[in-house]
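Enquirer: Shown below is the structure under consideration.
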Amino acid sequence: AQSVAQPEDQVNVAEGNPLTVKCTYSVSGNPYLFWYVQYPNRGLQFLLKYITGDNLVKGSYGFEAEFNKSQTSFHLKKPSALVSDSALYFCAFGTSGTYKYIFGTGTRLKVLA
Amino acid sequence: DTGVSQDPRHKITKRGQNVTFRCDPISEHNRLYWYRQTLGQGPEFLTYFQNEAQLEKSRLLSDRFSAERPKGSFSTLEIQRTEQGDSAMYLCASSLSEYNEQFFGPGTRLTVL
Numbered sequence: 133a134q135s136v137a138q139p140e141d142q143v144n145v146a147e148g149n150p151l152t153v154k155c156t157y158s159v160s161g162n163p164y165l166f167w168y169v170q171y172p173n174r175g176l177q178f179l180l181k182y183i184t185g186d187n188l189v190k191g192s193y194g195f196e197a198e199f200n201k202s203q204t205s206f207h208l209k210k211p212s213a214l215v216s217d218s219a220l221y222f223c224a225f226g227t228s229g230t231y232k233y234i235f236g237t238g239t240r241l242k243v244l245a
Numbered sequence: 005d006t007g008v009s010q011d012p013r014h015k016i017t018k019r020g021q022n023v024t025f026r027c028d029p030i031s032e033h034n035r036l037y038w039y040r041q042t043l044g045q046g047p048e049f050l051t052y053f054q055n056e057a058q059l060e061k062s063r064l065l066s067d068r069f070s071a072e073r074p075k076g077s078f079s080t081l082e083i084q085r086t087e088q089g090d091s092a093m094y095l096c097a098s099s100l101s102e103y104n105e106q107f108f109g110p111g112t113r114l115t116v117l
């Protein structure tokens with residue numbers, strides 16, 4: 133079955149330190165991969181996507197992610213975390229010819245001042 | 005604001021009542037999606053429209069659920085004979101194509117007493 137996994141329920145990082153939120157996928161074919169962020173009582177905001185091309189993609193608010201086909205991973209990174217980055221982060225994938233996204237269970241990022 | 009809008013934002017109802025939610029997508033987007041999100045989980049796909057045609061429905065969408073997009077613009081999601089298990093956040097999203105990211109609305113939080 134196709135799926136996406138976010139192995140960490142919560143990640144804590146000190147403000148100013150680099151952060152990584154992990155995502156791995158199990159998909160037949162070539163996936164489209166996405167990261168979304170959700171703040172309390174709000175919908176999901178798009179951060180970045182990988183469709184094809186350069187494995188390193190840059191997105192909103194200084195976030196970036198690297199598509200690694202051999203490790204089937206798409207980890208979200210940021211060089212210097214801000215307290216305002218504290219939120220719930222979701223990894224998702226879609227595939228060509230399908231319409232729906234499959235979401236991970238989310239990782240809560242807590243940036244400590 | 006030209007984003008995806010949803011109405012109402014919150015709905016409290018008694019078990020057995022019918023409820024209807026509305027989604028207005030971004031105006032030029034012909035693809036519209038409904039998802040359901042419960043606490044501690046990522047969004048789960050419910051159904052998809054391309055223009056006015058409903059092209060896919062999840063097995064999560066029981067016979068009590070029906071969705072329409074009559075003129076290919078706004079969409080409604082109706083739940084008949086609500087059950088306590090229907091309590092969730094109902095998210096609507098829209099996109100231009102399968103290669104473009106889905107933009108999400110703020111959601112409708114349903115509480116069934």
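Line by line, the protein sequences are chains A and B.
Using our numbering, you'd call the opening residue of the first sequence number 133 and step up by one each time.
Using our numbering, you'd call the opening residue of the second sequence number 5 and step up by one each time.
Quick reminder that beta carbons are idealized off the backbone N, C-alpha and C, glycines included.
From a predicted model like this one, the values you see are computed outputs, not experimental measurements.
1. Quick check: what's the CA-CA separation for isoleucine 83 of chain B versus phenylalanine 178 of chain A?
2. Threonine 227 of chain A lies in the beta strand (DSSP E); which residues open and close that run?
3. Among A/Tyr182, A/Val159, A/Ala133 and A/Ala213, which one has its Cα closest to the Cα of valine 143 of chain A?
4. Using a Cβ cut-off of 8 Å (strictly closer), state whether glutamate 56 of chain B contacts chain A.
5. In three-state DSSP terms, what is glutamine 88 of chain B?
6. Measuring alpha carbon to alpha carbon, tell me which of A/Arg174, A/Pro150, A/Gly229 and A/Ala133 ends up nearest alanine 197 of chain A.
7. Got a sec, what are the start and stop residues for the beta strand (DSSP E) alanine 57 of chain B sits in?
8. Taking Cβ-Cβ distances below 9 Å as the criterion, which residues of the segment 102-114 of chain B are in contact with chain A?
9. So, with DSSP's three-state summary, where would you put tyrosine 103 of chain B?
10. If you compare alpha carbons, which of B/Arg73, B/Leu100 and B/Glu60 is closest to phenylalanine 25 of chain B?
11. How should proline 106 of chain B be labelled, buried or exposed, when 16 other C-beta atoms within 10 angstroms of its C-beta is the threshold for buried?
12. Please list, in chain order, the chain A residues whose beta carbon lies closer than 9 Å to that of glutamate 60 of chain B.
13. At which residues does the beta strand (DSSP E) containing aspartate 186 of chain A begin and terminate?
14. Below 6 Å CB to CB, which residues in the same chain sit around lysine 210 of chain A once its five sequence neighbours on both sides are set aside?
15. Inspect the CB distances between the segment 222-237 of chain A and the segment 153-168 of chain A and report whether three or more fall short of 8 Å.
16. Quick one: measure Cβ to Cβ for arginine 63 of chain B and glycine 20 of chain B, integer angstroms, because I've assumed they're closer than 8 Å.
17. Using a Cβ-Cβ cut-off of 8 Å (strictly less than) and excluding sequence neighbours within five positions of isoleucine 253 of chain A, which residues of its own chain qualify?
18. Under 8 Å, with one C-beta from each stretch per pair, do the segment 31-41 of chain B and the segment 94-109 of chain B reach the 3-pair mark?
19. Between glutamine 84 of chain B and chain A, is there a C-beta pair that is closer than 8 Å?
20. Give a yes or no on whether the minimum CB-CB distance between glycine 46 of chain B and chain A is below 8 Å.
Expert: On the basis of the supplied data:
1. Position 79 of the second sequence, counted from the first residue, corresponds to residue 83 of chain B. Position 46 of the first sequence, counted from the first residue, corresponds to residue 178 of chain A. Each residue's alpha carbon lies about 28 Å from the other.
2. If you number the first sequence from 1, residue 227 of chain A lands on position 95. From DSSP, the beta strand (DSSP E) with threonine 227 of chain A extends over 219-227.
3. If you number the first sequence from 1, residue 143 of chain A lands on position 11. The shortest C-alpha separation from valine 143 of chain A is found at A/Ala213.
4. Here residue 56 of chain B is taken as the residue at index 52 of the second sequence, counted from 1. Not closer than 8 Å to any Cβ of chain A, the Cβ of glutamate 56 of chain B fails to qualify, so no.
5. Here residue 88 of chain B refers to the residue found at position 84 when the second sequence is read from its first residue. Helix, per DSSP.
6. Walking along the first sequence from the start, residue 197 of chain A turns up at place 65. That would be A/Pro150, whose Cα lies nearest to the Cα of alanine 197 of chain A.
7. Looking up residue 57 of chain B in the second sequence gives position 53. Looking at the DSSP string, the run of the beta strand (DSSP E) that includes alanine 57 of chain B is 57-61.
8. Glu102, Tyr103, Asn104, Glu105, Gln106, Phe107, Phe108, Gly109, Pro110, Gly111 and Arg113
9. As a working mapping, residue 103 of chain B is identified with position 99 in the second sequence. Coil at tyrosine 103 of chain B, not helix or strand.
10. On the second sequence, position 21 is the one that residue 25 of chain B refers to. Of B/Arg73, B/Leu100 and B/Glu60, the residue nearest in Cα terms is B/Arg73.
11. Working through the second sequence from its first residue, we reach residue 106 of chain B at position 102. Note that residue 106 of chain B is glutamine in the sequence shown here, rather than proline. It counts as buried.
12. Position 56 of the second sequence holds residue 60 of chain B. Going along chain A in sequence order, the residues near glutamate 60 of chain B (Cβ under 9 Å) are Thr230, Tyr231 and Lys232.
13. Here the question's residue 186 of chain A lines up with position 54 in the first sequence. Unbroken run through aspartate 186 of chain A: none, as it is neither H nor E.
14. Mapped onto the first sequence, residue 210 of chain A falls at position 78. For lysine 210 of chain A, where only same-chain residues beyond five positions count, the Cβ hits under 6 Å are Leu151, Gly194 and Phe195.
15. yes
16. In the second sequence, counting from the first residue as 1, residue 63 of chain B sits at position 59. In the second sequence, counting from the first residue as 1, residue 20 of chain B sits at position 16. Actually they do not touch by this definition, with Cβ atoms about 23 Å apart.
17. With chain A covering only 133 through 245, there is no way to say anything about residue 253 of chain A.
18. yes
19. The residue given as residue 84 of chain B occupies position 80 in the second sequence. No, glutamine 84 of chain B lies away from the interface with chain A (no Cβ there is under 8 Å from its Cβ).
20. The residue given as residue 46 of chain B occupies position 42 in the second sequence. Judged by the 8 Å Cβ criterion, glycine 46 of chain B is in contact with chain A.
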